[in-house]
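Asker:
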Amino acid sequence: MDGAEQVLPHGAKGLEVDDLVVEFLADKVIVLVKSSGDHYTLHSGKNSGVLDVHRTWKDESGQERHKTLFAIRHDSIAVVLSELSGLTVDFVKLIRPLRLGWLGHHKIGIVWGLDPICDEDIAAVTRKRQGRKRLIVDEEEWASRIIVPEYLEDVLDFPDGPFAMFARDERIGVGFKVTDQAGSARLFWIKLRDLSRLSGAMGSRVLQAFQRHAIPPERYPDIGFLKP
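Everything in the sequence shown is counted per my numbering, starting at 1344 for the first residue and increasing by one.
(1) Pick helix, strand or coil for Leu1569, following the three-state DSSP scheme.
(2) Under DSSP, the beta strand (DSSP E) around Val1393 begins and ends at which residues?
(3) Tell whether a beta-carbon distance below 9 angstroms holds between Trp1400 and Gly1429.
(4) Go ahead and pull the three-state DSSP assignment for His1353.
(5) Taking only beta-carbon atoms, is Gly1543 less than 9 angstroms away from chain B?
(6) Rounded to whole angstroms, how far is the Cβ of Val1521 from the Cβ of Asp1503, which I believe are closer than 8 angstroms?
(7) Shortest alpha-carbon distance to Thr1384 belongs to which of Leu1358, Gly1392, Phe1413, Asp1361?
(8) Rounded to whole angstroms, what is the Cα-Cα separation between Leu1538 and Val1365?
(9) Less than 9 angstroms separating the beta-carbons of Pro1571 and Lys1410?
(10) Exposed or buried, which one is Asp1395 when buried takes at least 16 other CB atoms within 10 Å?
(11) Would Leu1351 be called buried (16 or more neighbouring beta carbons within 10 Å of its own) or exposed?
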């Protein structure tokens, strides 16, 4: 995570989303729940060789408490990633070619700018909260950048990137416009139903893999900074 604090736009070191504050520091990520004051820390373990997640809160007496929720050695992470290498192939299988004629025939509309992903788009719809180094969403700017093209062919003039697909008022997929090496625009899409199904299966596989290789809580006392 070294240098992670430099990846956000506007020189920010964190962001605020509703009740959550996420801060990116040199070797850790901290998630603060504003309503409760609890915070959760993902520590990279650069020096210890152990990545851990722990919760920090204050008990009824006001004393600060810590509890390790998960810990894994760095060498075990490599094993987990090797076990999960097939997930990328499963995701790629969801990608389908997209034709403008098919969109028109099925009366599917498209919206560009609903999901800012690239650094430039994120920078455009966020600003740094005054007096703090945290990003907040500029909802007016975000709304102003959303485009619903009059003609489906206009999507070919969009910048490369994602766009949302709607059937009536229901969002059904994520489309992608890509310009190939010859300069031709190509369209692809992923059905949200398929993505949701795969995400559930992937989440379960990822969780099980990390649990298999995690440091068991009964071993926490052997590692001084882990708190059972």
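Glycine included, each C-beta is placed from N, C-alpha and C at the ideal position.
Answerer: Quick look at the numbers:
(1) Looking at Leu1569 - three-state DSSP - the assignment turns out to be coil, as it is neither helix nor strand.
(2) 1393-1401
(3) no
(4) helix
(5) Among the chains of the structure shown, chain B does not appear; only one protein chain is present.
(6) 6 angstroms
(7) Phe1413
(8) Our two residues, Leu1538 and Val1365, have alpha carbons roughly 26 angstroms apart in a direct line.
(9) Contact: yes.
(10) buried
(11) buried
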